[in-house]
Amino acid sequence: MVRRWIRSKMPSQATLREHKLLRLFGERWLDPDYWSYNRRSVAIAIACGLFAAWLPLPLHSLIAIGLALLLRGYLPLAIAMVWVNNPLTIAPMFYVAYQLGVRLLGQPALEFSYSLEHDFASIIWPLLTGALLLGLASSLLGWLLTHLYWRCKIQRAWKARQR
34 MVRRWIRSKM PSQATLREHK LLRLFGERWL DPDYWSYNRR SVAIAIACGL FAAWLPLPLH
94 SLIAIGLALL LRGYLPLAIA MVWVNNPLTI APMFYVAYQL GVRLLGQPAL EFSYSLEHDF
154 ASIIWPLLTG ALLLGLASSL LGWLLTHLYW RCKIQRAWKA RQR
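Plus 33 on top of the position in the sequence shown (first one is 1) and you've got my numbering.
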């Protein structure tokens, strides 16, 4: 039932070929392997999406697509996982990343004001350091939890089948 619903919401190949931004990736991303899911591709997609969500860069979805193409992940889920970083969560996520970067680099934390243009150079390195570390940690955790969940689900199904 869930598979049918997911497939009904997926865009067609013709629609995907016409998308301007997706042309950057050539024809490779139209391979059916990127549009079908299994334990490995789902875990990779979650990891790619979570990593891209932490990056303080624009176009998170394109970064997640690029990573999923490199690692052969499930593209729709990689794009969906990027939305962990949304207008409600972006400020707390980047604040935590900045504070972690400041502590790791041993720099003094700046007081935030409404205008940060003049402080950009002193904010970017702690922010990038914290964001990369948190991106790696959350992607590894997402990958691991996906594998564990999938394994438990299969074991429960086998036990139910044996009964």
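Every residue gets a Cβ at the ideal spot worked out from N, C-alpha and C, and that includes glycine.
If I measure Cβ to Cβ from Ile77 and keep anything under 6 angstroms in the same chain, skipping five residues before and after, which residues do I get? By the criterion of a C-beta distance shorter than 6 angstroms, Ile77 is surrounded in its chain by Leu104, Gly106, once the five residues flanking it on both sides are discounted.
So what's Thr122 in DSSP terms, helix, strand or just coil? DSSP places Thr122 in the coil class of the three-state scheme, outside both helix and strand.
Name the two residues that bound the continuous alpha helix (DSSP H) containing His93. Per DSSP, His93 belongs to the alpha helix (DSSP H) from 93-104.
Out of Leu121, Asp66, Ile156, Arg189, which one is the CA nearest neighbour of Gly139? When only C-alpha atoms are compared, the closest one is Ile156.
Straight-line CA distance for Val129 to Ala170? The alpha-carbon atoms of Val129 and Ala170 are separated by roughly 13 angstroms.
Between Ala80 and Gly163, is the Cβ-Cβ spacing less than 9 angstroms? Taking 9 angstroms as the Cβ cut-off, Ala80 and Gly163 do not qualify as a contacting pair.
Hey, quick one: how far does the alpha helix (DSSP H) through Gly175 stretch, first residue to last? Run containing Gly175: 153-195, per the alpha helix (DSSP H) assignment.
Give a yes or no on whether the C-beta atoms belonging to Pro91 and Tyr131 are separated by under 9 angstroms. No.
Please report how far the alpha carbon of Tyr67 lies from the alpha carbon of Arg50, in whole angstroms. C-alpha separation (whole angstroms): 14 angstroms.
Under three-state DSSP, which class holds Pro109? The answer is helix: DSSP assigns Pro109 an H, G or I state.
With 16 other CB atoms within 10 Å as the buried threshold, where does Leu89 fall? Note that residue 89 corresponds to Pro in the displayed sequence, not to Leu. It is buried - the Cβ of Pro89 has at least 16 other Cβ atoms within 10 Å.
Boundaries of the alpha helix (DSSP H) in which Ser69 is found, first to last residue: Looking at the DSSP string, Ser69 is not in any alpha helix (DSSP H), and its letter there is neither H nor E.
I'd like to know whether the C-beta atoms of Ala85 and Met114 end up nearer to each other than 9 angstroms. Using a Cβ distance threshold of 9 angstroms, Ala85 and Met114 count as a contacting pair.
Taking only heavy atoms of the ligand MN into account, decide whether any of them is closer than 8 angstroms to the Cβ of Gln132. The ligand content of the structure shown is nil, which means the ligand MN is not present either.
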